[in-house]
Amino acid sequence: MTWFILFVAGLLEVAWAVGLKYTHGFTRLIPSIFTLVSMSGSVLLLGLAMRQLPLGTAYAVWTGIGTVGTAIAGMLLLGESAGALRLGCIGLIIAGIAGLKLLTPT
Numbered sequence: 002m003t004w005f006i007l008f009v010a011g012l013l014e015v016a017w018a019v020g021l022k023y024t025h026g027f028t029r030l031i032p033s034i035f036t037l038v039s040m041s042g043s044v045l046l047l048g049l050a051m052r053q054l055p056l057g058t059a060y061a062v063w064t065g066i067g068t069v070g071t072a073i074a075g076m077l078l079l080g081e082s083a084g085a086l087r088l089g090c091i092g093l094i095i096a097g098i099a100g101l102k103l104l105t106p107t
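Quick note: the sequence shown uses my numbering, first residue 2, plus one each step.
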């Protein structure tokens, strides 16, 4: 259950990062509220996951999910580059996340 909580926290990190793009510097109300709620939920769930997981593992996986998810969202939603080298680098991040998961008990 702890890993699931951490995964959802990572997805909420993606949500707030994408939402932040649409706030236009927090000048738009609805995207700003969405972003702030997503931020709060993400950090809250990260804190819950850290009850069971080591700090370094939980934080690295959380940011990794956020990084990969945000990069993919940028490609799909905003037309950002999806070149082979960029995708390869994203693959390396995914490999790191998987490695931390496999090497961490719980």
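C-beta atoms are modelled at their ideal positions from N, C-alpha and C, and glycine is treated no differently.
| query | result |
| --- | --- |
| As assigned by DSSP and simplified to three states, the class of Glu14 | helix |
| Inter-residue CB distance, Thr105 and Thr58 (contact presumed, cutoff 8 angstroms) | 5 angstroms |
| Pairwise C-alpha distance: Pro32 and Gly97 | 32 angstroms |
| The stretch 3-15 in contact with the stretch 50-67 per 3-pair CB rule at 8 angstroms | yes |
| Rounded separation between Ala83 and Leu45 - CA only | 32 angstroms |
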